[in-house]
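Just below is one structure, and these are the notes that go with it.
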Amino acid sequence: MKDMKKIILWIVLVITAGTITSCLDDNDFNYIEINDLKEDENGETIQNFDSEYSPFQGEELLLAPTFTFTIDSINPDVSYEWYINGIKTDVTTPTYRFSSDVIGIYEVTFTIVDNKTGVKFSANTRINVQSAYAKGWMILSEGADGSSQLSFVKMKIATNENGNDSIYYVGEDHDFVPGLGSGPQKLLENFNYVDYYNFGNSVVLNDEVIVMQKNKWVELNGNSFTREIYTEEEFMDGMPANCEPENAVMTYTSKCIRDKEGRLYFNTKAAINDFHAGKYMSDPLFGGQLFKEIYATNKATSKAKYFLALTKDDNSLVGIVDDGQANSTSEPYDPTMNMSSNRQNGNQVPITETDASNPQFKNISYNIINIFPHVIGESKPCNWVAILEKGGQYWFRDFTLELAYGNEKINIKADNMKVVSSSMFTNYKDAVAFPHKKFMMIANGNQLWYCPFEAGSNGTGLKLKDFPSEIASISYKDIAKYPYSGSKPEYNGHIGIGLTTGEFYIYEVIEEKDKNKVPTGIATLKQLYPNENTVDSNFGKIIDVVYKFGTLSNTISYNIN
């Protein structure tokens with residue numbers, strides 16, 4: 000019996016093996032070949048779909064990605080899905096017309112569905128909708144009737160073929176803010192501190208633009224350029240009848256106006272993320288003491304707890320304290336001002352001389368042409384560079400100051416003077432200091448000059464260009480190569496030049512450097528505007544030009560937003 004069972008088992012095994020072999024020989028499988036997307040020469044499977052777009056508010060953006068299947072490449076059986084910030088839309092077409100009506104950052108996902116297999120293929124992009132006026136060049140002109148006219152040269156950032164981001168200028172809007180006023184004098188961009196302390200990502204205005212004019216100063220929304228307030232409305236008991244504002248410094252927690260006679264009016268903000276949470280005192284500071292000028296500081300450093308003022312009676316530099324702090328810049332957020340921290344705001348403090356027998360900041364024997372802040376960075380002392388003149392000779396003075404603990408004095412950390420060529424100042428018009436690159440650009444009549452201001456550099460200067468008419472105003476755009484910039488490269492500075500005859504130019508300033516990347520004192524210009532996008536680069540009687548950074552963080556580091 001056992002032998003019979005073994006025989007039957009072997010017969011079954013042989014029949015089964017034969018059946019399997021027969022199946023293999025017939026090769027009769029029913030399987031589906033998986034469709035896939037072809038890669039292009041750059042390894043991309045979905046083309047014409049950039050990783051980032053930066054349309055202006057209201058600008059039409061048509062997303063039209065393309066692809067090719069490895070199977071059914073001519074007429075693939077597919078359907079489409081589009082997602083905005085993870086939420087599926089009702090769009091089922093291969094293109095998507097994105098609405099850029101609302102400023103913000105959006106994540107958009109494009110999905111291809113292979114209907115035969117249900118397999119999905121997706122790609123993402125980031126769309127940063129921004130105001131056309133978030134960043135760019137502001138130009139203040141005077142109309143034939145004396146009116147203030149504000150124009151704007153728009154700017155975008157794109158990724159070039161090397162993967163780096165490049166800046167380009169995409170046209171201009173002329174006299175685009177009606178009813179500003181008359182008697183234009185100067186432009187000032189005022190920043191909020193929201194970049195660093197965003198208070199739970201609440202929607203807060205990053206900057207404002209102040210149009211200084213004889214009629215009355217107006218403060219404009221930094222995105223829409225609509226009027227927020229007239230400066231005279233910010234006085235506690237009304238603007239004094241004898242106050243004719245001429246210049247201003249707007250700091251982290253305070254504002255200060257200098258009037259035509261030299262009186263200072265002070266405003267301590269009630270909240271650091273609100274431009275108008277505070278009032279100017281209607282009585283001038285220090286019993287009406289007169290000052291020749293006040294000088295802007297950089298609130299992008301926590302050390303910027305004061306700004307500089309030049310007294311009228313004895314030509315001395317002093318500090319005016321601005322040391323307020325928010326109640327809380329972390330959860331739970333409270334941006335209102337800590338009253339005990341700002342009790343010394345508006346106090347005048349002296350600069351302590353290193354050699355009392357030979358003071359350098361008191362009873363200054365030089366004529367101060369201007370003072371510029373430079374080398375901006377969190378937790379760094381305040382650095383300044385001044386243009387000085389005496390008897391037809393000129394100097395650059397590069398100095399570092401720090402407010403002492405207790406806010407009772409300002410200490411000198413460094414102080415260097417160097418003679419510079421008077422050829423750059425025979426018909427002086429304007430100057431700007433590039434804070435990160437550490438060179439000065441000087442407008443001398445119709446000439447543009449370049450000169451490094453660090454101690455040890457050549458002070459002869461280099462004339463870069465002669466323009467067809469005299470220069471009315473110049474401004475700078477400078478970006479640091481900072482840790483905040485990550486792997487981004489160092490960017491050359493840009494300079495904007497407005498001529499008295501109305502023409503406006505933008506150039507990239509390219510410094511020559513030695514093998515150790517130290518500037519040699521040689522620089523060249525590359526024209527960026529006017530360009531192929533330009534319709535009309537004449538802006539009438541130019542009074543002032545200013546580059547608008549848009550946010551405080553853009554003043555110290557590269558930021559595509």
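When we follow numbering that gives the first Met the number 0, the leftmost residue of the sequence shown carries the number 0, and every step to the right adds one.
Cβ coordinates follow ideal geometry from the N, Cα and C atoms, glycine included.
- Between the alpha carbons of Phe109 and His373 lies a distance of about 45 Å.
- With at least 16 other beta carbons inside 10 angstroms of its own, Val107 counts as buried.
- For Glu171 against Val534, the beta-carbon gap comes to about 7 Å, under 8 Å, which counts as contact.
- Residues of the same chain with a CB within less than 7 Å of the CB of Asp429, apart from the 5 flanking positions on each side, are Ala442, Ile470, Ser472, Ile473 in chain order.
- For Asp174, there is no enclosing beta strand (DSSP E), as DSSP marks it with neither H nor E.
- Its chain contains Asn443, Gly444 as the residues whose beta carbon lies nearer than 8 Å to that of Thr425, once the 5 sequence neighbours on both sides are disregarded; these appear in chain order.
- DSSP places Arg257 inside the beta strand (DSSP E), whose first and last residues are 253-258.
- In its chain, beyond the 5 residues on either side, Ser53, Tyr167, Val169 have a beta carbon closer than 7 Å to the beta carbon of Lys155.
- Counting the other Cβ atoms within 10 Å of the Cβ of Tyr404 gives fewer than 16, which makes it exposed.
- Between the alpha carbons of Leu527 and Arg396 lies a gap of roughly 31 Å.
- Restricting attention to Ala143, Ala270, Lys547, the CA atom closest to the CA of Leu219 is found in Lys547.
- The C-beta of Asn362 has fewer than 16 other C-beta atoms within 10 Å across all chains shown, which makes the residue exposed.
- Under DSSP, His493 takes part in a beta bridge, and its partners are Lys476, Glu507.
- In this chain, the beta strand (DSSP E) harbouring Gly103 covers 103-113.
- For Ser78, the closest of Thr69, Pro93, Phe68 by C-alpha to C-alpha distance is Pro93.
- Under the criterion of beta carbons closer than 8 Å, Thr550 and Asp206 qualify as touching, at roughly 6 Å.
- Arg96 is bridged by DSSP to Leu61.
- Shown here, Phe424 sits in a helix according to DSSP, grouped into three states.
- Secondary structure note for Gln392: its beta strand (DSSP E) is the uninterrupted segment 392-402.
- For the pair Trp448 and Lys436, the CB atoms are not nearer than the 8 Å cut-off.
- Within the same chain, and ignoring the five residues on either side of Phe234 in sequence, the residues whose Cβ sits closer than 7 Å to its Cβ are Lys278, Tyr279, Ser281.
- Residues Ile138, Ser140, Ser150, Gly501, Phe503 of the same chain have their beta carbon placed closer than 6 Å to that of Phe538, with the five preceding and five following residues left out of the count.
- Between the alpha carbons of Thr44 and Thr91 lies a gap of roughly 20 Å.
- Beta-carbon to beta-carbon, Asn457 and Gly520 are separated by about 4 Å, close enough to satisfy the 8 Å threshold.
- DSSP places Lys525 in the uninterrupted beta strand (DSSP E) bounded by 518-528.
- Between Gln446 and Ser421, the C-beta spacing is not below 8 Å.
- Each residue's CA atom was taken as its position, placing Thr399 and Ile350 some 11 Å apart.
- Less than 8 Å separates the beta-carbon of Met249 from that of Leu187.
- Unbroken beta strand (DSSP E) runs of no fewer than 3 residues, entirely contained in the stretch 286-374, are found at 290-294, 305-310, 316-320, 325-327, 333-336, 347-351, 366-373, following chain order.
- The Cβ atoms of Ala308 and Thr554 do not sit closer than 8 Å to each other.
- In this structure, the alpha-carbon of Gly455 lies about 17 Å from that of Glu511.
- Boundaries for Leu179: no beta strand (DSSP E) harbours it, and the DSSP string shows neither H nor E there.
- Beta-bridge partners assigned by DSSP to Glu502: Asn537.
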